[in-house]
Every structure is written in C-alpha cells, then in structure tokens.
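Each number in our numbering comes from the position in the sequence shown (counting from 1) with 5 added on.
Reviewing the structure listed below.
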Amino acid sequence: MKKYNECLKKNIAVANGFEKAELVFKNAKILNVFSEEICVGDLAVNDGTIVGIGTYQGLEEVDLDGKYIVPGFIDAHMHIESTMVTPFELARAIVPTGTTTIIADPHELVNVAGKSGLDYLLAATEQIPLNVFVMLPSSVPATPFETNGAGPFLAADMQAYLNHPRILGLGEVMCYPAVLTGDPVILDKLTLCRNALADGHAPGLSGKALQAYASAGIHSEHESTSWSEALEKLRAGFYILVREGSAAKNLHAIISGLLESDCPMDRFLFCTDDKHLEDIHREGHIRFNIKQAIDLGLCPIKAIKMATINTAQAYGLRKLGAIAPGYQADLVILSDLGTMQVNQVYRDGRLVDDATWAHPPQHPIDPKLLDSVHIHTLTPEKLRLPLGQKNHVIEIIKDQIETHHLIETLPGIDGTFCPDENYDKLCVIERHGHSGNVGVAAIKGFGIRNGAIATTVAHDSHNMIVVGDNDANILLAVKHLAEIGGGYVVAGNHRIIGSVPLTLAGLISLEPGDLVQKKVSALIASAHQLGVASGVDPFITLSFMALPVIPALRLTDLGLFDVETFQLIND
C-alpha cells in the first residue's frame with residue numbers, strides 16, 4: 006500500500022507539471038478513443054502509467070514528429086496452443102505488431118493434462134512482455150462423445166483458480182446443447198462463475214435456443230459466420246467477437262454487414278481464436294484484423310476502437326484500451342492510420358526492442374506434459390471403413406471450419422471404402438492411453454494424393470487425427486508422430502517428408518518461435534505439393550475435423566458425429 010501511495014503521489018505531481026515525467030512523447034498525434042478525436046501534443050508517462058496529455062517535460066523525450074499514438078491492441082479470444090509455441094515466443098511474434106494484451110482460453114492444454122496444463126500456462130505467462138488474461142475452460146471435454154486425456158474439468162476443479170488476478174471468468178461454453186437442456190455439470194460451472202464473465206460458442210444458434218443460451222448469463226460469442234447471425238446475437242445482448250484466424254475467416258462478412266447497417270459499434274470486438282505462427286509472421290496479428298476492416302471501408306478510428314477500448318470494457322480491463330491519465334502505457338506508434346504501419350511498441354511504458362527478448366523466463370514443466378502420446382497398436386483392419394447404403398461424408402468448406410454433411414456413393418473394393426481423387430480417408434485415433442478407439446470416415450475437399458498428414462492437434466480432445474489417400478502412408482505418418490511425441494507429420498510416397506515435434510502435450514514446441522515458423526512453413530508447402538486444396542489450411546483445417554460442437558459433421562475417436570442432432574451416427 007505504501008509503495009502504491011508513493012507512486013500515486015509521484016504521478017499526480019508529474020501530471021500537475023511539478024516534476025518531470027520519466028518518459029514524454031513530443032509532437033504526437035494521440036488517438037482519444039472516448040471522443041474519437043486526434044489530439045496533438047505531448048504524452049507523459051511515469052512508472053508505466055499515462056499521467057497527462059498536453060505540454061510536458063521528461064527525463065527521456067521521444068520526438069514523434071507527427072506520428073500517431075494509439076492504444077495497444079487486444080485479442081478478445083485466442084488459444085495460445087494454436088500458435089504451437091510457448092507464451093514467451095508468442096509474445097515475441099505478436100507484441101512488435103501492436104498486440105499488447107490477449108485473453109486466452111487454455112482448453113487445449115487442459116483437455117490433455119487437466120490442472121497441470123492450466124498451471125503451466127499461468128506460470129508461463131508471468132513476467133513476459135504481454136498482458137495475458139485467462140478464461141477457465143468450461144468444456145473439458147467439449148462433449149461426452151469423445152475421449153480426452155485428463156477427463157472432466159469440473160466446477161470443483163475451477164474453484165481454487167477463481168481468485169487468480171488474471172482469470173476473468175468462464176471460457177467459451179461449447180456444449181450449447183448441455184446449456185439448453187439444463188445439464189447440471191455446465192450449470193454448476195455457470196453458477197460458480199455467475200459474478201464473473203462467461204464466453205460463448207454457439208455456431209448457428211437462433212430463435213428461442215439462442216434466447217435460452219443468452220439467459221444462462223453468457224456475454225460474448227465468436228462463431229458468427231454471417232452478418233445476419235451476428236445481428237441476431239447482438240440483439241440477444243452478446244458482445245460480437247469478429248474472428249479472423251487461419252482457418253475461420255468471418256471478418257469480411259460481418260464488417261461488410263456492419264457497414265451497411267446503422268448499428269452502434271461498441272459491442273463489436275476483434276479476435277483470432279486460432280491463428281498459426283506462420284500466418285502471424287506473414288500477416289500480423291490483431292493489426293491485420295484492423296487493416297482488413299479499414300480496407301473494407303470502416304473508419305480507422307472505429308476499427309482501432311474495436312481492438313482496444315471495446316474489448317477492454319467488455320472484459321472489465323479498467324486500465325487498458327485507452328490513452329488517458331491513469332491508463333497503463335501500452336502504446337503503439339503508427340506512421341498513419343490508413344496503413345496501420347507499426348513503427349514502435351511500448352508495453353507498460355517500456356520500448357519493446359531486441360533487448361526485450363534477450364532473457365526468456367524459465368518455468369518448471371510437469372514431466373507428464375512431456376509424455377502425452379500413448380497409442381495402442383494400429384493395424385490396417387482398424388482403418389477399414391465398410392460401405393453401406395448410406396455413406397456419410399464430411400465435406401470441407403474453404404476458408405471456414407464448418408463442414409457439410411453429405412450422403413454419397415463412395416468408391417470401394419469388396420465393400421470397403423477406397424479413397425480416390427475426390428475422397429480421402431480421415432481417422433481419429435485415441436492417443437491418451439485409454440480406450441485405443443479409432444474412428445474412420447470419408448472426407449471430401451481435402452485433396453491429398455499419395456500421402457498422409459497426421460497431428461496430435463485435434464480439437465478439443467487432441468487425439469491423433471490423420472488424413473490420407475492410402476493406408477500405408479497413414480500408418481507410416483501415425484507411427485512417426487508417436488515416435489516424436491506429438492506434433493505434425495507429412496508422409497508421401499511411402500516416406501516421411503517432414504515433421505514438427507510439439508513435445509509439450511503434443512501441442513506446443515519448446516523451440517524458438519522463428520525456428521518453429523520455418524519448419525511449419527516448409528511442412529505446409531509440402532502438404533500443398535501433395536495436392537491439399539487452396540483455401541484449406543493443411544493443419545488447422547484438419548485439426549478442426551474432430552471438434553463435435555461446430556456443424557455439421559465431425560469425426561471423433563468414437564465415430565462420426567452429427568452436430569445438428571448432437572448424436573453419433575450408427576447407420
């Protein structure tokens with residue numbers, strides 16, 4: 006308390022102009038997100054806090070020569086695990102692009118490793134140059150129709166974490182049918198977090214079902230793929246998280262609709278949800294979402310507000326998202342607002358430069374996180390898919406993670422499915438050492454020829470998932486994936502073309518981010534050389550084929566799952 010009082014006294018003196026600030030930006034164009042004005046003047050920062058705008062002197066002065074200062078960007082919803090790197094390496098990739106805060110849902114790690122996964126993430130996000138807030142995973146596992154590693158993560162397991170200063174509430178409530186039927190397990194979690202926030206996940210939910218879902222106290226939703234869907238959810242009181250990630254790209258549809266409407270924009274935010282490091286390096290992070298919206302015709306100031314103050318207010322981050330006295334000095338220096346070209350980033354009043362990344366913090370890792378792949382013996386017989394009168398087929402939708410549910414005549418020999426130029430074989434293999442289940446299905450639109458792609462990233466239970474056009478390459482890829490302890494593998498022409506080990510829970514690499522990015526880029530190129538279709542991310546698209554809470558048809562280790570009827574298919 007005494008130290009806080011002393012800092013407060015000092016900041017008040019600096020704001021009054023009685024003392025020099027530690028840092029002053031001179032000749033700046035400062036974005037005020039409250040009045041939507043550009044103010045010209047000096048910006049004073051002391052002890053990591055903005056203390057004044059006007060005319061100030063500083064112990065250190067930076068002449069911006071008319072450049073813009075805007076608040077640091079906030080990703081309203083993301084899964085760190087989808088970047089495949091540690092939180093420190095993620096920060097190294099996104100902070101220089103302007104993202105200074107993320108709100109993370111670690112349900113990937115928790116599905117694999119339970120409390121150990123959550124404890125790792127909380128420890129690994131301490132003392133890094135990125136604000137990381139966390140939502141408690143609500144849907145572990147996402148449904149009862151799959152086998153995860155850790156078993157259920159219940160309200161009783163969450164209780165001890167609620168007072169953590171960086172935990173904001175309940176993560177995306179994915180099993181929306183459980184909410185609609187009043188399932189006691191999810192109701193216990195919603196009750197526990199009733200005084201906190203609860204994120205939503207309700208793709209395609211409409212009418213009274215949407216009203217019922219909203220009545221459970223869920224405050225945000227990021228699965229809208231059209232303007233009409235987003236508008237209905239907005240009317241139901243949700244904050245609308247406009248998602249633009251690696252596989253799910255919804256920004257164009259929603260922002261285009263927003264521009265044609267008269268809707269106020271204070272309940273629209275940006276998120277990436279799942280974005281690969283490869284795409285972050287090529288496009289940027291939340292800055293990319295802002296720029297895409299500007300290119301569609303959205304006013305730059307309003308686009309920046311979606312990435313800053315809108316998100317901060319939605320999640321109760323009182324000291325973030327704005328440039329005003331008392332706010333944390335997370336600042337982005339831009340050449341101009343139209344191009345969103347980032348010149349410099351300050352986090353907590355300190356310049357982010359090469360020295361920022363010189364000493365990665367060390368965190369203990371539970372050994373079981375490094376030993377997470379345990380599969381039963383896999384034989385060609387377990388990969389066999391008998392043909393029937395009704396053959397259910399998963400069809401990929403380009404640039405989306407939703408699928409179509411088709412009934413088609415499939416190619417085969419002696420009553421057994423054989424992939425051809427139109428259909429590949431998809432398998433989900435339980436990898437946590439439990440049942441040894443194997444689910445097999447036909448998939449259309451992936452496009453791989455004479456090869457296979459396998460990964461332990463298979464939302465959200467993270468079993469092995471593999472796609473290929475022949476059993477020999479499928480078995481080869483699975484064998485190598487187990488040998489490296491999880492990650493990504495591409496096999497072709499009966500040999501291993503390449504792999505990226507993800508040794509932490511089969512989800513995260515412990516190598517430097519730039520090295521991971523190079524390996525992933527090479528592997529993506531190899532996958533496309535094997536025929537993977539354009540508009541299909543070889544890894545992220547594949548990883549979502551096992552998620553039974555996104556329409557319309559999915560495959561788990563228990564078999565094909567109809568998301569519309571919310572049941573396994575037995576015919």
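For each residue, glycine too, the CB sits at the ideal point set by N, CA and C.
Range of the contiguous alpha helix (DSSP H) that encloses residue i
{"i": "A118", "result": "112-118"}
{"i": "S220", "result": "212-220"}
{"i": "T316", "result": "314-319"}
{"i": "I291", "result": "291-300"}
{"i": "D162", "result": "160-163"}
{"i": "K194", "result": "189-197"}
{"i": "P307", "result": "Note that residue 307 is Lys in the sequence shown here, rather than Pro. Its alpha helix (DSSP H) spans residues 305-311."}
Alpha-carbon spacing of residue i relative to residue j, whole angstroms
{"i": "D429", "j": "S539", "result": "16 Å"}
{"i": "I458", "j": "T384", "result": "17 Å"}
{"i": "D562", "j": "S261", "result": "39 Å"}
{"i": "A217", "j": "L246", "result": "20 Å"}
{"i": "R171", "j": "D204", "result": "15 Å"}
{"i": "G497", "j": "P134", "result": "41 Å"}
{"i": "G174", "j": "D110", "result": "10 Å"}
{"i": "K238", "j": "F273", "result": "11 Å"}
{"i": "Y320", "j": "E65", "result": "33 Å"}
{"i": "N468", "j": "S504", "result": "17 Å"}
{"i": "D47", "j": "V67", "result": "10 Å"}
{"i": "F78", "j": "G103", "result": "6 Å"}
{"i": "G490", "j": "D376", "result": "7 Å"}
{"i": "K395", "j": "L415", "result": "10 Å"}
{"i": "G187", "j": "L215", "result": "14 Å"}
{"i": "D542", "j": "H84", "result": "17 Å"}
{"i": "V184", "j": "H281", "result": "31 Å"}
{"i": "P208", "j": "C198", "result": "22 Å"}
{"i": "V350", "j": "E42", "result": "21 Å"}
{"i": "M89", "j": "K25", "result": "44 Å"}
{"i": "S231", "j": "A258", "result": "5 Å"}
{"i": "N575", "j": "A298", "result": "44 Å"}
Identified DSSP bridge partners for residue i
{"i": "Y181", "result": "Answer is none; Y181 lacks a bridge partner."}
{"i": "V67", "result": "F30"}
{"i": "M550", "result": "None; M550 has no bridge partner."}
{"i": "D204", "result": "S225"}
{"i": "P391", "result": "T421"}
{"i": "K430", "result": "A447, G473"}
{"i": "Q333", "result": "T54"}
{"i": "G22", "result": "According to DSSP, which records beta bridges pairwise, G22 is partnered with nothing at all."}
{"i": "N37", "result": "E42"}
{"i": "H379", "result": "H437"}
{"i": "M83", "result": "A109, D278"}
{"i": "L175", "result": "L141, A203"}
Reduced DSSP category for residue i - H, G, I as helix; E, B as strand; rest coil
{"i": "T104", "result": "strand"}
{"i": "P76", "result": "strand"}
{"i": "N255", "result": "coil"}
{"i": "M345", "result": "coil"}
{"i": "L520", "result": "helix"}
{"i": "E288", "result": "helix"}
{"i": "F243", "result": "coil"}
{"i": "F93", "result": "helix"}
{"i": "I406", "result": "coil"}
{"i": "Q572", "result": "strand"}
{"i": "H533", "result": "helix"}
{"i": "I338", "result": "strand"}
{"i": "T88", "result": "helix"}
{"i": "L322", "result": "coil"}
{"i": "E265", "result": "helix"}
{"i": "E249", "result": "strand"}
Nearest-angstrom beta carbon gap, residue j and residue i [assumed within contact, 8 Å]
{"i": "P580", "j": "N153", "result": "With the chain running from 6 to 576 in the structure shown, residue 580 is simply not present."}
{"i": "G473", "j": "A482", "result": "7 Å"}
{"i": "D519", "j": "H290", "result": "Contact doesn't hold; Cβ gap of about 16 Å is too wide."}
{"i": "A334", "j": "G53", "result": "6 Å"}
{"i": "N37", "j": "I295", "result": "So it is not a contact: roughly 17 Å between Cβ atoms."}
{"i": "A49", "j": "V19", "result": "6 Å"}
Span of the beta strand (DSSP E) around residue i
{"i": "S504", "result": "500-506"}
{"i": "N136", "result": "136-141"}
{"i": "I399", "result": "397-401"}
{"i": "H485", "result": "From DSSP, H485 is part of no beta strand (DSSP E) but of the alpha helix (DSSP H) over 476-488."}
{"i": "T460", "result": "456-460"}
{"i": "E42", "result": "42-51"}
{"i": "L274", "result": "273-276"}
{"i": "F566", "result": "564-567"}
{"i": "R559", "result": "558-561"}
{"i": "Y493", "result": "492-497"}
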